[in-house]
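Trainee: Dumping the structure here so I can ask a few things about it.
Protein chains: 2
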Amino acid sequence: MTTSHTGTGAVDPAVREELARLRDSIDNIDAAVVHMLAERFKCTQQVGHLKAGHQLPPADPAREAKQIARLRALAESAKLDPAFAEKFLNFIIAEVIHHHERIAESNGNGNGNGNGNENGNGTAPASG
Amino acid sequence: MTTSHTGTGAVDPAVREELARLRDSIDNIDAAVVHMLAERFKCTQQVGHLKAGHQLPPADPAREAKQIARLRALAESAKLDPAFAEKFLNFIIAEVIHHHERIAESNGNGNGNGNGNENGNGTAPASG
């Protein structure tokens with residue numbers, strides 16, 4: 003009647019309940035993050051259009067260095083591995099570059115130069 | 003007096019202001035996401051300890067499949083690329099596995115088996 007441990011079906015109900023509670027929190031957090039990221043990509047799209055429309059250079063190394071330093075400090079205070087925070091930013095930047103490449107391709111210039119600082123205002127779309 | 007475009011220093015003030023506004027939003031979003039991820043890792047650490055303490059299998063493919071399907075659907079409704087949402091989940095899972103491997107190593111069993119479903123309850127810590 004207690005724990006037989008052959009799988010989640012045969013587990014102490016209290017343990018299963020605790021696991022479900024944690025998974026619910028994980029799912030809530032994931033939903034929040036997905037929505038935040040959707041909003042973030044809306045911002046970087048706007049940055050891309052703005053830069054393209056005003057012949058601004060896509061890369062801004064000083065801005066990127068500041069972002070990395072800031073995220074690392076925030077991670078530290080949140081007890082998150084700062085190296086992970088930096089990796090995370092790079093992961094996002096790579097995606098934004100990918101977005102901009104697709105925009106460039108669909109604009110027919112094919113110039114996905116991949117210069118993706120500032121979270122991806124890298125290749126600015128030709129329109130805007 | 004207007005836009006000379008040699009760098010952000012010589013840009014139309016209205017454009018610079020708009021760029022700053024977007025960057026502030028990006029920074030706010032990044033801070034929110036970093037804090038959400040810190041909270042998420044707290045949950046997965048607890049899951050790891052719970053599973054280790056109750057001899058539960060680290061992997062749960064059904065749970066993982068459900069998470070992927072759910073995140074893809076959420077992404078779609080938020081106008082985020084579903085493929086990116088899935089890639090993002092895998093990125094996080096990889097980090098949680100890494101956490102668990104470190105815990106396993108520091109517990110001296112070195113058994114970082116890397117089986118990291120459910121966002122990283124993969125290698126359960128030996129304690130708990």
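Chains as they are written, first to last, in this note's numbering: chain S, 3 to 130; chain Z, 3 to 130. Built from N, CA and C at the ideal position, the CB exists for glycine as well. All values reported here derive from a predicted model rather than from experimental measurement.
Going by the C-beta, is R72/Z closer than 7 Å to any heavy atom of the ligand SAH?
Mentor: The ligand SAH is absent from the structure shown, which contains no ligand whatsoever.
Trainee: Could one say the Cβ of H51/Z lies closer than 8 Å to chain S's Cβ atoms, at least one of them?
Mentor: Answer no: the Cβ-Cβ gap between H51/Z and chain S never drops below 8 Å.
Trainee: Using 10 angstroms around the beta-carbon of P60/Z, count the other beta-carbons present and answer buried if the total reaches 16, otherwise exposed.
Mentor: That one is buried.
Trainee: Taking the alpha carbon of R72/S as the point to measure from, which residue in E19/Z, A67/Z, A33/Z and R23/Z has its own alpha carbon closest?
Mentor: Taking only the C-alpha atoms, the option nearest R72/S is A33/Z.
Trainee: Is the Cβ of G9/Z closer than 8 Å to any Cβ of chain S?
Mentor: Annotation note: pLDDT 49 at G9/Z (below 50); position unreliable, no value reported.
Trainee: At 4 residues or longer, what runs of the alpha helix (DSSP H) sit wholly inside the stretch 9-80 of chain Z?
Mentor: Listed in chain order, they are 15-55 and 63-79.
Trainee: Kindly indicate if chain Z contains any beta-carbon less than 8 Å away from that of V17/S.
Mentor: So yes, V17/S belongs to the interface.
Trainee: Does the stretch 62-80 of chain Z come close enough to the stretch 83-103 of chain S to have 3 or more Cβ pairs within less than 8 Å?
Mentor: With a cut-off of 8 Å, the stretch 83-103 of chain S and the stretch 62-80 of chain Z do not count as touching, because too few Cβ pairs lie within range.
Trainee: Which residues, in chain order, does the stretch 27-43 of chain Z contribute to contact with chain S at a C-beta distance below 8 Å?
Mentor: Answer in chain order: S27, I28, D29, I31, D32, A33, A34, V35, V36, H37, M38, L39, A40, E41, R42 and F43.
Trainee: Can you pull the chain S residues whose beta carbon is under 8 Å from the beta carbon of A77/Z, in chain order?
Mentor: The answer, in chain order, is V36 and A40.
Trainee: Rounded to whole angstroms, what's the CA-CA distance from K53/Z to C45/Z? Just pull it up for me.
Mentor: Approximately 12 Å, taken between the alpha carbons.
Trainee: Suppose contacts are defined by Cβ-Cβ distances below 8 Å. Is Q57/Z in contact with L91/Z by that definition?
Mentor: No, they are not a contact pair.
Trainee: Assuming A77/S and K81/Z make a contact with CB atoms under 8 Å, what is their CB distance in whole Å?
Mentor: Rounded, the Cβ-Cβ distance is 28 Å, inconsistent with contact.
Trainee: Using only alpha-carbon positions, find the residue among G55/S, P15/S, V36/S and I28/S that is nearest to V13/Z.
Mentor: Selected option, being the one with the closest Cα: G55/S.
Trainee: Please report whether the beta-carbon of I95/Z lies at a distance below 8 Å from any beta-carbon of chain S.
Mentor: Not closer than 8 Å to any Cβ of chain S, the Cβ of I95/Z fails to qualify, so no.
Trainee: For chain Z, find out if any of its Cβ atoms is closer than 8 Å to the Cβ of A22/S; answer yes or no.
Mentor: So no, A22/S is outside the interface.
Trainee: If you run the structure through DSSP and keep just helix, strand and coil, what is L82/S?
Mentor: Coil at L82/S, not helix or strand.
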